[in-house]
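A.B. asks: In our numbering, the protein residues as written are 5 to 168.
We put the CB at the ideal spot given by N, CA and C, even for glycine.
This structure is a prediction, so every number in the text was calculated from the model and none was measured.
What follows is a structure written as structure tokens; I'll ask about it next.
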Ligand code: ADP
């Protein structure tokens, strides 16, 4: 039986914190699907297509990882791709309450699923997509936070916005 895991998130955009989790999970499971949530409450900076492209480029050398997206409930997506493992990353206690609620809600909706938490690498404990966006927006350097291609996209996004 193929052990398949799903790592859901908004990935707006993908950071080195996400990539660290992806690489570690790819070593544990046979197959990992990084699934971009389309219907997040937050208004994303990048379109779904842009987020897919950045993630695909970032994981292209990891053989057992693929990138997909979903709309609607995560548990329905899990059933569709025949996966029972949800992967999430934990950075700080502040992540915990939300993650705990989500894990319990998903378990209620789909009792066969399990949520697995990986603790962040301490190097990335402070890192979030929002922080990378904020720093880039005000002209700061994000080269240690996101892959080069993502840094370029952030730069283009804000530069274009500024000249509008
Ligand atoms: P969401 O909006 O669903 O939280 P994100 O793209 O912000 O989506 O995050 C996806 C997952 O990655 C979440 O479980 C989040 O806690 C985790 N994550 C984000 N940044 C890091 C990081 N620096 N280290 C470890 N996990 C992280």
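Take residue 94 and list the residues in its own chain whose beta-carbon comes closer than 8 Å to its own, dropping the five residues that flank it on each side.
C.D. replies: Only 100, 103, 121, 122, 123 and 124 meet the Cβ criterion.
A.B. asks: Identify the residues that DSSP records as bridge partners of residue 35: which are they?
C.D. replies: Paired residues: 8.
A.B. asks: Drop a sphere of 10 angstroms on the beta-carbon of residue 144, count the other beta-carbons inside from all chains shown, and report buried for 16 or more, exposed for fewer.
C.D. replies: Residue 144 is exposed by the Cβ-count criterion.
A.B. asks: Please say whether residue 30 and residue 89 have beta carbons closer to each other than 8 Å?
C.D. replies: Contact: no.
A.B. asks: With residue 15 and residue 60 assumed to form a contact (beta carbons below 8 Å), what rounded beta-carbon distance in angstroms separates them?
C.D. replies: With 8 Å as the limit, residue 15 and residue 60 do not qualify as a contact, their Cβ atoms being about 11 Å apart.
A.B. asks: When every heavy atom of the ligand ADP is checked, does at least one fall within less than 7 Å of the C-beta of residue 80?
C.D. replies: Answer for residue 80: no, Cβ out of range of the ligand ADP.
A.B. asks: Residue 149 to residue 25, Cα distance in whole Å?
C.D. replies: Taking the straight line joining both Cα atoms gives about 14 Å.
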